[in-house]
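The structure appears right after this line, and notes come after that.
There are 2 protein chains.
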Amino acid sequence: MAFPLIPGVSGSDTASGPTIGNFRLDNGMEVVVIPDRRAPVVTHMVWYKVGGADEPKGKSGIAHFLEHLMFKGTEKHPGGFSKQVAELGGQENAFTGHDYTAYFQRVAREHLAAMMAFESDRMNGLALTDAVVDPERNVVLEERKMRVDNDPGAQLGEEISSTLFTHHPYGTPIIGWEDEITGLSRQDALDFHDRFYTPNNATLIVAGDVTEEEVRILAQESYGKVARRAEPPPRLRPQEPRQRASRRVTLADRRVEQPILQRYWRAPSYRRAEAGEAEALDLLAQILGGGPTSRLYRTLVVEEKLAASAGTWYGGTALDETRFGFWAAPQPGQSFATIEGAAERIIADLAANGVGEAELERAKTRLIAEAIYAQDSQSTLARYYGATLSTGGNVESLQSWPQRVAAVEGEALRRVAQKHLVDGHSVTGLLEGLA
Amino acid sequence: MAFPLIPGVSGSDTASGPTIGNFRLDNGMEVVVIPDRRAPVVTHMVWYKVGGADEPKGKSGIAHFLEHLMFKGTEKHPGGFSKQVAELGGQENAFTGHDYTAYFQRVAREHLAAMMAFESDRMNGLALTDAVVDPERNVVLEERKMRVDNDPGAQLGEEISSTLFTHHPYGTPIIGWEDEITGLSRQDALDFHDRFYTPNNATLIVAGDVTEEEVRILAQESYGKVARRAEPPPRLRPQEPRQRASRRVTLADRRVEQPILQRYWRAPSYRRAEAGEAEALDLLAQILGGGPTSRLYRTLVVEEKLAASAGTWYGGTALDETRFGFWAAPQPGQSFATIEGAAERIIADLAANGVGEAELERAKTRLIAEAIYAQDSQSTLARYYGATLSTGGNVESLQSWPQRVAAVEGEALRRVAQKHLVDGHSVTGLLEGLA
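Those sequence lines, one after another, are chains A and B.
Numbering-wise, our numbering comes out as the position in the first sequence, counting from 1, plus 265.
Numbering-wise, our numbering comes out as the position in the second sequence, counting from 1, plus 265.
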């Protein structure tokens, strides 16, 4: 799912949609203002155009580790500012992706200036000591243990991704490989911060009860004073070579209670796709496996009772070639092979015969409706803008998304299924229990 | 197979073996002299401690491309010196590995000084123009097309390696991925040369009718005058994370006439292994699949007639974790599954019950004999030294190899089979025809 923004649905704005503010500070930092006057709150986010896929060789996990260390304080705010945010009644969080790293707070509108002061201060520089860095490295290692080592499904997910992307860094988990996390140093974090956390590599998103002009003044007083420290390199990652063989990974673990079958195909992202292809892939994911009326669900779950659940998804918001995924949870006694065969027949049928008009219209309605609902959440909307602007899109491409989805013709779905959902572009993963 | 050098078998030398000369020039270049007085010829090799696994991100193939460009000339020798070598009746060649790149000539002993002058001159610097680089890039792309695109077996080999080493650069083919070769520039080659082709990153090996003193004088006059241009970085490649799932790749192509089953396991190299482990793996490869008396061959080929051929191999001469491999060519009508099952039973039996004394002795004799025969070839012997010294070994470790092999106990083979030949460290590759 991707890029929602339907004109004319947001709060007090007119039928032509909320007027999105979009400008740059002198130091190159881009600013997006999304007015939303329903409540006197604001969502304040800073997105850096750097993530797990931009890490130096052998330093996997440094983007995520730095995200942790950003909460450890600066000269001006030793110990960080989380306590102050909490005392002001705010919420805060951060997340690291392959293509971006983001920090956000949600506060009453009168505290926006304070958040900008805090956030621009830690963009400007961190005060890290080994006494802080060393225990935090253990926190991250523990996080990896909890999330991956204790979860066979997560382990298989890493395996599928790393055998699908053997060369492109999307095959490396965002949290990093254990032995490389262990080797990450204070200096690695500072170097990464210096190189990438410069205002010309960042996007400020403010959504909420605020005007563009108010944000402009506050941003100039805070972010505007951060020096442009570096020119981040072009984001050219090693591209995945052509896949020649069909690939299959199997993980058996006694902790597995529900077996799962997954298949990931390589598919172009919005950034990399030909015109209309990514929108068609979003619709294809709806028709094949988006909820209980989808083709795969109806056949595998409802009619043939082979699986307890099944679905498809498409990760279109990415800088480089991305993934289209299928998953199914077999009913007891049903083999992976039976489910794979049935799913392959359903996909082959769509690739050969296309989709029905009514089915396509329903999928468009559902997809666009999801986007409309998403607007109801200030922070979801802000996230859409942040993710889009960090992966090669812009305000216009996000705003025109519903029209582009609406314009997709059935033939385009047949074409992307034929082109991308083929065995030579995929890895099949099987998660099974041990008797 | 690895590291042969048996004392007392080479030419006119005494029972304590040929006296190997081993010293360094002032600029840090290591020199090895292997006297061999049987004929008035010398083998002259320069080994650089850099290969495909040392390439910058996104520049796969640059080590091999530079190897090609090294023949294109310098200021002193525009157009290179291949013609002169041929006119002197010499032979020359070059090769690129993951861990090293080597250049060699075999000439009459009186031309050694000329070879050193040529070779040290192109170590000192290259005169490359786009007019030379651009067509040579096409030569390499054509080489890749011939070797890989036209050979389904080679394609599957790339797939097996890249899904076994998803993170470590051994998963990247030495020739490079096509789209990255296309992007390699003259400047990339010059940068790589500048950084790695410095005398302190090179080993000179001279084998043949020459004394250590003669080589020292000649080397000082030639290589000794090349400035130490750079300090090559430590050879720390990203290590492969723990594998959690069993992995399988299948390639079907109508050009395949003989199906092949392969399995590669991750295994420590001589450089990375615990004491005695690598020697045990070399012996294990002999006992399991080294020729017609090996366990796998006897069962799969001779007794059960499941396969037309079968064998195992171990790539111990590597800087980092390497591969132990099994392959079998099924007889018509025999399934991959039957052969896999039989091979797994044979391996499991060895891992459970170990090897027999007589069988172990035969394997040692065979392995050590291969090393003795290898000494008969001046260039093979020189290659052993070059490869060993470029992957973390030294003259002593190479010379003590036969004694270390002789000292391996049967229990060690059982242990390395149990530890390394397990499903969780492997990729299985199937090459099949299309009806």
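Glycine included, each C-beta is placed from N, C-alpha and C at the ideal position.
- Start-to-end residues for the beta strand (DSSP E) that takes in VAL296 (chain B): From DSSP, the beta strand (DSSP E) with VAL296 (chain B) extends over 295-300.
- Item | Proximity winner among B:LEU615, B:GLY473, B:GLU626 and B:ALA550, relative to SER644 (chain B) (alpha-carbon distances) | Measuring C-alpha to C-alpha distances from SER644 (chain B) to each of B:LEU615, B:GLY473, B:GLU626 and B:ALA550 identifies B:GLY473 as the nearest.
- Task: Please list, in chain order, all residues of the same chain as LEU270 (chain B) whose beta carbon is under 6 Å from its beta carbon, the five residues on each side excluded.
- Result: Only weak support is given to the placement of LEU270 (chain B): the predicted model assigns it a pLDDT of 39, under 50, and the value that follows is read from those uncertain coordinates. Excluding sequence positions up to five before and after LEU270 (chain B), its CB lies within less than 6 Å of the CB of LEU663 and GLN664, all in the same chain and listed in chain order.
- Task: Could you name each continuous beta strand (DSSP E) segment of 3 residues or more that falls completely within the stretch 422-480 of chain A, going from the start of the chain to the end?
- Result: Counting only runs of 3+ residues, the beta strand (DSSP E) found wholly inside the stretch 422-480 of chain A occupies 467-473, in chain order.
- Query: Counting Cβ pairs closer than 8 Å, one from the stretch 389-407 of chain B and one from the stretch 362-381 of chain B, do we hit at least three?
  - Reply: With the cut-off at 8 Å, the stretch 389-407 of chain B and the stretch 362-381 of chain B do not touch.
- Which bits of chain A does ARG513 (chain B) rub up against, with CB to CB less than 8 Å? By Cβ distance, chain A contributes ARG512, ARG513, VAL514 and THR515.
- Count the other CB atoms within 10 Å of the CB of PHE288 (chain A); is the residue buried (16 or more) or exposed (fewer)? So PHE288 (chain A) counts as exposed.
- Give every residue of the same chain whose Cβ lies closer than 8 Å to the Cβ of LYS314 (chain A), excluding the five residues on either side of it in the sequence, and list them in chain order. Counting only residues of its own chain and dropping the five nearest sequence neighbours on each side, LYS314 (chain A) has a CB closer than 8 Å to the CB of ASP364, TYR365, PHE461, ASN466, ALA467, THR468, PRO497, ARG500 and SER655.
- Give the DSSP bridge partners of THR717 (chain A), in chain order. In the structure displayed, chain A extends from 266 to 700; residue 717 (chain A) sits before or after that span and is not available.
- Which term fits ASN389 (chain B), buried or exposed, when burial requires 16 or more other beta carbons within 10 angstroms of its beta carbon? Residue burial annotation: ASN389 (chain B) is buried, with at least 16 other C-beta atoms found within 10 angstroms of its C-beta.
- Item | For SER385 (chain B) and TYR488 (chain B), believed in contact at Cβ under 8 Å, the rounded distance | Indeed they touch by this definition, with Cβ atoms about 5 Å apart.
- Task: Could you please give the first and the last residue of the uninterrupted alpha helix (DSSP H) stretch that includes VAL350 (chain B)?
- Result: It spans 347-352 - the alpha helix (DSSP H) in which VAL350 (chain B) sits, taken as one unbroken run.
- Straight-line Cα distance separating ASN659 (chain A) from GLY653 (chain A): Per the sequence presented here, residue 653 (chain A) reads as Thr, with Gly not at that position. Per the coordinates, the alpha-carbon of THR653 (chain A) lies some 6 Å from the alpha-carbon of ASN659 (chain A).
- Task: Identify the contact partners of GLN504 (chain B) in chain A, using a Cβ-Cβ distance below 7 Å as the criterion.
- Result: What GLN504 (chain B) touches in chain A: ASP444.
- Message: Counting only Cβ pairs nearer than 9 Å, list the residues of chain A close to THR428 (chain B).
- Response: Correct list: SER427, THR428, THR431, ALA510, ARG512, VAL514 and VAL692.
- Buried versus exposed call for ARG648 (chain B) [16 or more other C-beta atoms within 10 Å across all chains shown]: Flag for ARG648 (chain B) reads buried.
- Task: Hey, could you find the ends of the beta strand (DSSP E) PHE357 (chain B) is sitting in?
- Result: Strictly speaking, residue 357 (chain B) in this sequence is Glu, with Phe absent from that position. Where GLU357 (chain B) is concerned, the enclosing beta strand (DSSP E) starts and stops at 356-361.
- Query: Starting from THR564 (chain B) and walking both ways along the beta strand (DSSP E), at which residues does that stretch end?
  - Reply: First-last for THR564 (chain B): undefined, no H or E at that position.
- Query: Can you find a C-beta in chain B that's less than 8 Å from the C-beta of GLY323 (chain A)?
  - Reply: Proximity of GLY323 (chain A) to chain B, defined by a Cβ-Cβ separation below 8 Å, is satisfied.
- Message: So, under 8 Å CB-CB, PHE589 (chain A) and LEU686 (chain A) are touching, yes? Tell me the CB distance rounded to an integer number of Å.
- Response: At roughly 7 Å, the Cβ-Cβ gap stays under 8 Å, so PHE589 (chain A) and LEU686 (chain A) are in contact.
- Message: Please identify the residue among B:LEU546, B:ALA545 and B:SER574 whose C-alpha is closest to the C-alpha of THR558 (chain B).
- Response: Taking only the C-alpha atoms, the option nearest THR558 (chain B) is B:SER574.
- Query: By Cβ distance below 7 Å, which residues in the same chain neighbour VAL480 (chain A) in space, the five residues on each side in sequence not counted?
  - Reply: Contacts found: GLY286, VAL296, VAL298 and VAL471.
- Go through its chain and collect everything with a Cβ distance to LEU696 (chain A)'s Cβ below 7 Å, but skip five positions before and after it. PRO417, GLY418, LEU421, LEU516, VAL521, PRO524 and ILE525.
- Query: With a cut-off of 8 Å, do at least 3 Cβ pairs link the stretch 675-685 of chain B to the stretch 540-558 of chain B?
  - Reply: Flag = yes, the stretch 675-685 of chain B and the stretch 540-558 of chain B touch.
- Message: Residues of chain A with CB closer than 8 Å to the CB of LEU421 (chain B), please, in chain order.
- Response: Here the neighbours are ARG509 and ALA510.
- Message: For a minimum of 4 consecutive residues, which ranges assigned as the alpha helix (DSSP H) are wholly contained in the stretch 597-684 of chain A?
- Response: Annotation: the stretch 597-684 of chain A contains the following complete segments of the alpha helix (DSSP H) (minimum length 4 residues), in chain order: 601-618, 622-640, 643-655, 660-664 and 666-671.
- Task: Find out if the Cβ-Cβ distance for the pair ARG537 (chain B), GLU586 (chain B) is shorter than 8 Å.
- Result: The beta carbons of ARG537 (chain B) and GLU586 (chain B) sit closer together than 8 Å.
- Among all the DSSP beta bridges, which residues are the ones paired with THR284 (chain A)? Note: THR284 (chain A) is not bridge-paired with any residue in the DSSP secondary-structure output.
- Query: Out of B:LYS324, B:THR603, B:PHE457 and B:ALA583, which has the shortest C-alpha to C-alpha gap to VAL566 (chain B)?
  - Reply: Of the candidates B:LYS324, B:THR603, B:PHE457 and B:ALA583, the one whose C-alpha sits nearest the C-alpha of VAL566 (chain B) is B:THR603.
- Just reading off the beta strand (DSSP E) that SER574 (chain A) is part of, what are its end residues? Taken as a continuous stretch (DSSP letters only), the beta strand (DSSP E) holding SER574 (chain A) covers 572-579.
- Task: Using beta-carbon positions only, say whether THR339 (chain A) and ALA392 (chain A) come within less than 8 Å of one another.
- Result: At a Cβ-Cβ threshold of 8 Å, THR339 (chain A) and ALA392 (chain A) count as neighbours.
- Task: Give the single residue among A:MET411, A:VAL405 and A:THR428 whose Cα lies nearest to the Cα of SER691 (chain B).
- Result: Ranking the options by Cα distance to SER691 (chain B), first place goes to A:THR428.
- Task: Sort out for me which residues DSSP pairs MET381 (chain A) with in a bridge.
- Result: Per DSSP, none; premise fails for MET381 (chain A).
- Environment of GLU357 (chain B) [buried if 16+ CB atoms lie within 10 Å]: Buried, since its Cβ has 16 or more Cβ neighbours within 10 Å.
- Query: So, using beta-carbon positions, are THR437 (chain B) and HIS433 (chain A) closer together than 8 Å?
  - Reply: Cβ atoms of THR437 (chain B) and HIS433 (chain A): not closer than 8 Å.
- For ARG588 (chain B), the first and last residue of its enclosing beta strand (DSSP E): Where ARG588 (chain B) is concerned, the enclosing beta strand (DSSP E) stretches over 587-595.
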